[in-house]
Amino acid sequence: MKKVVIIGSGIGGLCTAARLLNEGFDVTIIEKESTIGGKVNVKYEKGFKLIDEGNLTYYPSLYIYYPSAVDDTLCSDKNDTVMNIMVRGPNLKVSRIKWNISEIQNYRNVVMDTVTKIEGLKDIEKHIKFEGYLTPYDLRDRFNSYYGTAFGLSPALYQSIYLRPHLKSKEISNLYFIGSSTHPGNGVSIIIDGTKVLTKMVIDDNK
4 MKKVVIIGSG
14 IGGLCTAARL
24 LNEGFDVTII
34 EKESTIGGKV
44 NVKYEKGFKL
54 IDEGNLTYYP
64 SLYIYYPSAV
74 DDTLCSDKND
84 TVMNIMVRGP
94 NLKVSRIKWN
104 ISEIQNYRNV
114 VMDTVTKIEG
124 LKDIEKHIKF
134 EGYLTPYDLR
144 DRFNSYYGTA
154 FGLSPALYQS
164 IYLRPHLKSK
174 EISNLYFIGS
184 STHPGNGVSI
194 IIDGTKVLTK
204 MVIDDNK
């Protein structure tokens, strides 16, 4: 039986593992932890420039994800909900942010000020029962994310589609890659498509 070791690739690695297991491969997954890892502000251009310079912006663009709307098992109390709010920030390579408690709290207030301007979320603060956060340091230290990036390489023209790192190493035989920074791109659905390509590649290379 052919053996495959998948190291720290999150959902991309997990999906690839499932496909390879179904094809009869002996698969080992190595992760640092046991868990796998909207609205656009009209002033986004100014905000993005500040971020690229390593700063936080007071005009944050938000990605708001509301998973309990489609999966009510995420909340034991049917009157509760789960909401994830992601904010674009500088990665650790360029960041001038210390991400200490004071800075986190201050920026939390900036984000909530933006959120409460959205129709339907004006009084969200009084409904919060629990809140947590992840900084780029958390993404780096807990999930092995390079420079603490949440979505891998940014989709700039020279890092898009075929120009992203490929799934197979040119230097080392039987070494493959999968995840948000590889071809074809980031986002769960795109990564899962990438696992289909990678699975076929591994199978074909081991015939």
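In our numbering, each number is its position in the sequence shown, counted from 1, plus 3. We put the beta carbon where it would ideally sit given N, CA and C, even for glycine. Model, not experiment: these values are computed from the prediction.
Distance check between Y136 and each of K6, G123, N87 places N87 closest, using alpha-carbon atoms only. Closest option to P139, judged by alpha-carbon separation, among K81, D74, V200, R91: R91. A distance below 6 Å between beta-carbons, with the five flanking residues on each side excluded, links T31 to the following residues of its chain, in chain order: V8.
When DSSP states are grouped into helix, strand and coil, N109 belongs to the helix group.
By the C-beta criterion, the stretch 149-157 is judged to be in contact with the stretch 172-189, since at least 3 inter-stretch pairs fall below 8 Å. In this structure I127 touches V118 by the C-beta definition: roughly 6 Å separates them, less than 8 Å.
A direct Cα-Cα distance of roughly 43 Å separates I10 from K125. When C-alpha distances from Y161 are compared across S184, Y149, L178, the shortest belongs to S184. With respect to N94, G151 sits close: the two C-beta atoms are nearer than 7 Å. Three or more beta-carbon pairs separated by less than 8 Å link the stretch 15-33 to the stretch 193-205, which places the two stretches in contact. Counting along the chain, the unbroken alpha helix (DSSP H) around V205 starts and ends at 191-208. At a Cβ-Cβ threshold of 7 Å, P63 and V97 do not count as neighbours. Using a Cβ distance threshold of 7 Å, L201 and Y179 count as a contacting pair.
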